[in-house]
Every structure is written in C-alpha cells, then in structure tokens.
Amino acid sequence: MRRKSMIQINKVKKTYQSGETRVQALRGVDLEIKNGEFLSIAGPSGSGKTTLLNLIGCLDTADEGTILIDNLDIAEKSRKELALLRREKIGFVFQSFNLIPVLTAFENAAFPLSLLGISEQEIEDRTMGILKEVGLEEMAHRKPAELSGGQQQRVAIARALIKGPEIVLADEPTANLDSKTGQDILELMEELNTRHNTTFIFSTHDQMVMEFAHRLVQLHDGKIHSDQLTARAPDKNTVGSRG
Amino acid sequence: MKFIVNLAFKNLFRHKRRTLITSIAIAVGLALFILIDSMLVGIEEDSTRNLVLYETGSARIMDTQFWEEHQNLPLSHSIENPQPLLQNLDAAGIKAAPRTVFSGELIMKKDPYPEDGSIQARITAVDPVRDPEVFRIAESVSKGRFLKEDRLEVVLGAWLAEDIGAEVGYPLTIVTRTKGGFFQTIDVDIVGLANTPNPVVNRTGIFMPLETADYYLQMEGSVTQIDTNLPYQGKINEQTDKIRSTALKNRPELIVVDWKTLGKDFVALAATKSASSKVILFLVFIIAAVGISNTMLMSVYERVREIGMLRALGMRRHEIRLAFLIEAGGIGLIGASAGVLIGALLNIPLVNTGIDYSALMRDADMGYRITGIMRGLWSVRTILTAFFTGVFLSVLTAFIPTRKALRMHITDALRFQ
Numbered sequence: 001m002r003r004k005s006m007i008q009i010n011k012v013k014k015t016y017q018s019g020e021t022r023v024q025a026l027r028g029v030d031l032e033i034k035n036g037e038f039l040s041i042a043g044p045s046g047s048g049k050t051t052l053l054n055l056i057g058c059l060d061t062a063d064e065g066t067i068l069i070d071n072l073d074i075a076e077k078s079r080k081e082l083a084l085l086r087r088e089k090i091g092f093v094f095q096s097f098n099l100i101p102v103l104t105a106f107e108n109a110a111f112p113l114s115l116l117g118i119s120e121q122e123i124e125d126r127t128m129g130i131l132k133e134v135g136l137e138e139m140a141h142r143k144p145a146e147l148s149g150g151q152q153q154r155v156a157i158a159r160a161l162i163k164g165p166e167i168v169l170a171d172e173p174t175a176n177l178d179s180k181t182g183q184d185i186l187e188l189m190e191e192l193n194t195r196h197n198t199t200f201i202f203s204t205h206d207q208m209v210m211e212f213a214h215r216l217v218q219l220h221d222g223k224i225h226s227d228q229l230t231a232r233a234p235d236k237n238t239v240g241s242r243g
Numbered sequence: 001m002k003f004i005v006n007l008a009f010k011n012l013f014r015h016k017r018r019t020l021i022t023s024i025a026i027a028v029g030l031a032l033f034i035l036i037d038s039m040l041v042g043i044e045e046d047s048t049r050n051l052v053l054y055e056t057g058s059a060r061i062m063d064t065q066f067w068e069e070h071q072n073l074p075l076s077h078s079i080e081n082p083q084p085l086l087q088n089l090d091a092a093g094i095k096a097a098p099r100t101v102f103s104g105e106l107i108m109k110k111d112p113y114p115e116d117g118s119i120q121a122r123i124t125a126v127d128p129v130r131d132p133e134v135f136r137i138a139e140s141v142s143k144g145r146f147l148k149e150d151r152l153e154v155v156l157g158a159w160l161a162e163d164i165g166a167e168v169g170y171p172l173t174i175v176t177r178t179k180g181g182f183f184q185t186i187d188v189d190i191v192g193l194a195n196t197p198n199p200v201v202n203r204t205g206i207f208m209p210l211e212t213a214d215y216y217l218q219m220e221g222s223v224t225q226i227d228t229n230l231p232y233q234g235k236i237n238e239q240t241d242k243i244r245s246t247a248l249k250n251r252p253e254l255i256v257v258d259w260k261t262l263g264k265d266f267v268a269l270a271a272t273k274s275a276s277s278k279v280i281l282f283l284v285f286i287i288a289a290v291g292i293s294n295t296m297l298m299s300v301y302e303r304v305r306e307i308g309m310l311r312a313l314g315m316r317r318h319e320i321r322l323a324f325l326i327e328a329g330g331i332g333l334i335g336a337s338a339g340v341l342i343g344a345l346l347n348i349p350l351v352n353t354g355i356d357y358s359a360l361m362r363d364a365d366m367g368y369r370i371t372g373i374m375r376g377l378w379s380v381r382t383i384l385t386a387f388f389t390g391v392f393l394s395v396l397t398a399f400i401p402t403r404k405a406l407r408m409h410i411t412d413a414l415r416f417q
C-alpha cells in the first residue's frame, strides 16, 4: 500500500536577520515526506536543518514557497490555528530534553493531553501506557533531576507521542547523550515509528544517527544536496525518494 | 486549567528561598499597613469620642452673632431665656446642658502658690446637675469633688493645676468683665482637679457653677451656649436637623453647630495625618511590589526556554501567562496570609494595652484628643483590604515581566541562553 503524502515543501526560502547581516538559511527547498517515514535531515552546522524543522513544526513561517501539512497550507493559518495544529498533530523532541523540572516524569509526559481537555482517567491510562512503551513505568514519579540523560529523553519522546501525533520532530535528539544511550534512543524511536506509524523527522550532523534513518536528506547551504533511502529503509516502494 | 494551576503551584516552590523572601516582604508591608491603620483609626476614634464627650458635645446651640465672634466670647450675644429651649429638648429626649463661656485672668498669689502670677484663661460655667448628662467632666475628677450649684468654687484641669502649682483647697481670683462690659472680680476656691482623657481640657479647663457665673457676670439667666448629647456616630445633618426642628422653632437668632465644625482643628489635623500616613503606606506597598516584580522577572527570564517549549507543544500565550499570574498570586497569597496573621497578632496588644505616650503628650500638643495611651482598633475592612490588595498587587506586578517574555518568537525562546 502506498503511503499518503504528509508534508509537501515547495520552493521554500527563509532568511534571518543576524545583527546587521541577513542570512539566507533556506534557498529554495523542495521536499515531500510521506506518512510514517523515518527521515533524517542531515548537514553541517548552518546548513538550514533546524530552520527546516521549525518551518515544518509551524514554529516559524517561510518567506517564500509553500508548506502543506496533510494538505493544509500552513501559511494561511493564524497563530491560534498553528498552535492548535501543534497541540494536536505535532510532537517535539528537543536536543536538551526541555522537560519541566518541577513536574514528575508522569506529569511531563501527560502534559500535552492536559491541553486537549481529556479526562483524568484517560490521561492516567495513556500516560502509563506510553511510559511503559519507553521503558519508564517504574520512574513515573521521579522528577527530571532524578533521571539520567537517556531517561529524560525517553520521557521527552513519551511526551511527544502521547497525543498520537502525525508528525514527531526531533532536533538533534542524541546530541547531549553518549553514543550507547543515543543508539538506544534511536532504536526506541525507530520502534515507535513502526508501531504507531508516526512520521519521524530528526535533524543531525552525527554520522551514527544518519545511519539509523530510513531516508536521508542532506542539506548544504540551504539547499537539498541529496535525498535517498538508506539500507535500513523497510520498503523502497512505499516511501518518497529523490535519490 | 487544572494543569495550569498544578504547574503554577509547583513552580511556587521551585525556588523556595526566593518565594520565602518575597513573601516576607509582602507580609511585612501588609502587617505594617494593618498596624498603622489600626493605630490611626484607634487614635481618631478615641479623639473623636473625647472631643465630643469632653469638649464640644454632639452639637451646640448658640446665638448666631456669638458664633461669628466666638473667638472673642461676646457675652452680649448670648441665648436669652434658655429654659423653654431646654424643655423642648428634654421633651424630645435630647440631653442638653447650658453653659456660659467667658474669658478672664486668673491671679495666683504666692503662698500657697509657688509664686505670684497670672494667666489669661477661658472659664466654662456649667450646670452641675445637667452638665454630667452631656459631658463626662464630673466623673473625671481625680482629686476633690465636682462643683455644687451656687458656690464660689472651681474645678481645674489636672495639667493646668500642675502648671500653676495649684492643689485642691487653693484660692484663685478671676478678673473678668460682665455682660454689660464692667470689670468684675470673683474669688473662688479650687475644689477639684479633673484628669480627663482629653488633653485640651486637662491643659486649659476651668469650670465653675453656672448660677455663680450668672450672678457675677450679670447674665440674667442667659447662657452663651447649650450643648447637646446625641449618638456621635449618627449622621451629623440628621442630628442638627433634629435639634433645629425640636428646639429652635421661633428662634431665628439661634444657630446649631455640629461637633465637626466646633472641632475643626482636630478634623483638619486628622485628615492631614491620615493623608500623610496613607502616603507612607503607599510607599510600603511600592517596596513590596518591587520585591515581587523582581522575583517574577527572574522567574520568567530563567524560564524563557521552558516558555518556548510550552508554546512549541501548543500551549497558548494566555495560558502560559495565566500560569505565571497564578504563581505570582500564590506568592501574594502566602505573603498576604502571613502579613494578616502577623498584623493581627501584633494588633492584639495594641488594641488591648496600647502604647503609652503620656510623657510625650503631656508637653506636646499633637492635636489629637488623647492624653497618654494610644490604642489600636480592630477593623475587618482593613484586614480584608490588606489581604486582597496583597494578592492583587502580586498578580498585577507579574503582568509586565510575563508579557515581555511571551512576545519573544518561539524559535528565539527555544534558543535563549
């Protein structure tokens, strides 16, 4: 079965003002990402990875071009609508975990469901369920300061997935972890991608991380340099590729 | 909403020391407000009572011309034939006491006095039977006794006696003028010393029997004023209207003046002191506001990245703002609760025992009608005002730091160091 197109990026450009200098972060990017892909956006520092991730995540808006998410043009959405889109359909995993230090692992993971007005019982059930999936059901009542880096990132992944998003965006998710822990995190993300059919898009400049992706999109100087499936891709016929 | 409240509550104890210090600043400010207000209200309440019960009565009936020239105490403009007025007031259930106030010179001779001397004085002639129904001078006599009718005797204020070296039994000579303007000398004996809660009475009070003054001043039954006693917490206009309608029918030459007008110096002073005290209280609040504003500023700026994350995950600005405002309100609640508790606890001895300022009040005329003990007064309204102002102020001062941080672009907030 062919996967549907989840994200369509068309001739997108983005420029930033950095002091007195204007920096063109993206110079015309075309990219199509299908539902359920496990995709890495790779490139050296300053290549535009984070910018592209921010645009897909509706955290920023493009200067030129269009971005369609599930056939919705996000440029036409108001700030409120974009916030609701993020609330319901997009999960984030940050490089430095960004957990709320005063909340427990359970409360951090459950927080996105609190924003959706779901009943307490359902929140309890779903949160324990997702924590179990990431292997942290025993740590539910610990605060982030009582967890290792890897455990914190697992909580962050649980938080990203708990609402059943269509897309999870991870900006250098293993950058603050040692290689063994980083590998564990990537395996977890791959497993969750398979289980939930959630589209995973993560940015990296780490070779090990690139090798984990099923599809590798290389950015260089704000443009796509290459886009190809990797050896880990499960089925070449059901994912988008330009390689 | 429950999540927002939970998050705000937990963030309250994120930096316990900071929360504690800020709460203490609010608590101290509010406790001071409660105490100062209690003291001021207590002093005013006591002063008002002492003014009415020892000096002015609730309202005073006088000849209009006498009132216009009251600084000179013109006996020629007195109330003629006051008996029907008194009867009308009695019939209406209004306690009333006739008085004649005149000026004169008090002459003291060495032996028994420490030395020869004289002072200008204001003498009040009272009806020893009716006067205690309006004023409390009689029950304040601490040495000797109160006046008896038709005698050549006086009761002095205790501080006046001390100043001139007088004791019960000492003689005094009063040199004055009659209603017709003729010089008159009255030799009297001091029969009592009055130690009242009103410093003006203690410092200047000289009382003699009305009939005696009537004879020597040739008043022919007239008096300079009739003082009345009505509940002083009542509405002034209603009180004066009642007196006017009761006693002053067919007496167009007479006027009714309420105690606030009679005690204008005290009323003005109280207003001035109250205003300046409110300024001090305002400054106290400013200090507390600066404290909490600084705390919230620090809280917001050290959580900019967290705010970015919350917004990235779909939390709206107003929801994040609400979390911070609830947090600030929580600090305000802790501070306000502590402030009210501390203020109330410290107010207990202030109300029950008071602070003894008698040494200061003896020689310094502060304008308030109290002689020594300054007592506080309980005011539920003040306590509630302090509490809710503390909470409200905390929320208000958190608004600006929060607003600024929320204006930041999400991606900038996520990168914030």
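Heads up: the protein sequence lines correspond to chains A and B, in order. If you count the first sequence from 1, position 104 lands on 104 in our numbering, and the numbers rise without skipping. If you count the second sequence from 1, position 33 lands on 33 in our numbering, and the numbers rise without skipping. Glycine is no exception: its CB is placed at the ideal position from the N, C-alpha and C atoms.
Exercise. CB-CB under 8 Å to B/Thr204, same chain, minus the five flanking residues each way: which ones, in chain order?
Worked result: Ala121, Arg122, Gly157, Leu160
Problem set entry | Near-chain B residues of the region 190-205 of chain A (beta-carbon distance less than 9 Å), N- to C-terminal order | none
For this session: Report yes or no: do three or more beta-carbon pairs, one from the region 25-38 of chain B and one from the region 335-342 of chain B, lie closer than 8 Å?
Result: yes
For this session: Mind checking the region 283-303 of chain B against chain A and listing, in chain order, the residues whose C-beta falls within less than 7 Å of any C-beta there?
Result: none
For this session: Could you check which residue in B/Ala59, B/Met309, B/Leu75 has the C-alpha nearest to that of B/Leu414?
Result: B/Met309
For this session: Evaluate A/Met208 with the Cβ neighbour count: other Cβ atoms within 10 Å of its Cβ, from every protein chain shown; 16 or more gives buried, anything less gives exposed.
Result: exposed
Problem set entry | Rounded straight-line distance, which links the Cα of B/Arg251 to that of B/Gly180 | 23 Å
Exercise. Chain A beta carbons: is any one of them nearer than 8 Å to that of B/Thr22?
Worked result: no
For this session: Measuring only between beta-carbons, confirm whether A/Ser241 sits less than 8 Å from chain B.
Result: Because the pLDDT of A/Ser241 is 44, which lies under 50, any placement of that residue in the model is unreliable, and the number read from its coordinates should be weighed accordingly. False, the Cβ-Cβ gap to chain B never drops below 8 Å.
Exercise. Looking at the structure shown, is B/Tyr216 part of a helix, part of a strand, or coil, going by DSSP?
Worked result: helix
Exercise. In chain B, which residues lie less than 8 Å from A/Asp70 when you measure between Cβ atoms?
Worked result: Chain B residues near A/Asp70: none, gap ~16 Å exceeds 8 Å.
Exercise. Can you give, in chain order, each stretch of the alpha helix (DSSP H) that sits fully within the region 149-184 of chain A and has at least 4 residues?
Worked result: 149-161
Problem set entry | Terminal residues of the alpha helix (DSSP H) in which A/Lys11 lies | Segment 5-18 is the beta strand (DSSP E) holding A/Lys11; no alpha helix (DSSP H) there.
Exercise. Along chain A, in chain order, which residues have C-beta atoms closer than 8 Å to that of B/Arg316?
Worked result: Lys80, Ala83
Exercise. Alpha carbon to alpha carbon, what distance is there between B/Trp378 and B/Asn347?
Worked result: 8 Å
For this session: Below 8 Å CB to CB, which residues in the same chain sit around B/Lys404 once its five sequence neighbours on both sides are set aside?
Result: Val300
For this session: Return yes when the Cβ of B/Leu12 is within less than 8 Å of the Cβ of B/Ala323, no when it is not.
Result: no
Exercise. Once you ignore the five residues that flank A/Ile167 on each side, which residues in its own chain have a CB closer than 6 Å to its CB?
Worked result: Ile90, Thr199
Exercise. If we call anything under 8 Å between Cβ atoms a contact, is A/Gln151 one with A/Met139?
Worked result: yes
For this session: Decide if B/Met208 is buried, meaning its Cβ has at least 16 other Cβ atoms within 10 Å, or exposed.
Result: buried
Exercise. Taking Cβ-Cβ distances shorter than 7 Å, what residues in chain B pair up with A/Asp60?
Worked result: Thr411
For this session: May I ask which residues mark the beginning and end of the alpha helix (DSSP H) holding B/Gly343?
Result: 317-352
For this session: Please decide whether A/Glu176 counts as near chain B, where near means a Cβ-Cβ distance under 8 Å.
Result: The sequence shown places Asn at residue 176 of chain A, rather than the Glu named in the question. It does not: the Cβ of A/Asn176 has no partner Cβ on chain B nearer than 8 Å.
For this session: State yes or no: is the beta carbon of B/Leu313 nearer than 8 Å to at least one beta carbon in chain A?
Result: yes
Exercise. What did DSSP end up calling A/Ala213 once you bin it into helix, strand or coil?
Worked result: coil
Exercise. Hey, is the region 396-411 of chain B in contact with the region 50-62 of chain A, meaning 3+ C-beta pairs nearer than 8 Å?
Worked result: yes
For this session: Please confirm whether B/Pro128 and B/Lys143 have their CB atoms less than 8 Å apart.
Result: no
Exercise. What are the boundary residues of the beta strand (DSSP E) that B/Val155 is part of?
Worked result: 153-157
Problem set entry | Identity of the residues DSSP links to A/Asp73 by a beta bridge | A/Leu68
Problem set entry | Identity of the residue in B/Thr261, B/Ala344, B/Arg14, B/Thr382 nearest A/Ala145 by Cα | B/Arg14
For this session: Spell out whether any CB of chain A is found under 8 Å from the CB atom of B/Thr397.
Result: no
For this session: Just grab the DSSP bridge partners of A/Glu32 for me.
Result: A/Gln8
Problem set entry | Contacts around A/Leu53, its chain only, beta-carbon distance under 6 Å, and the 5 residues preceding and following it disregarded | Leu169, Asp171, Ser203
Problem set entry | Interface positions of the region 32-56 of chain A facing chain B (Cβ-Cβ less than 7 Å), listed along the chain | Asn54
Problem set entry | is_contact[B/Met309, chain A] using C-beta, thresh 8 Å | yes
For this session: Counting only the same chain and skipping the five closest in sequence on each side, list residues whose C-beta sits under 8 Å from that of A/Lys11.
Result: Gly28, Val29, Asp30, Glu64, Gly65, Thr66
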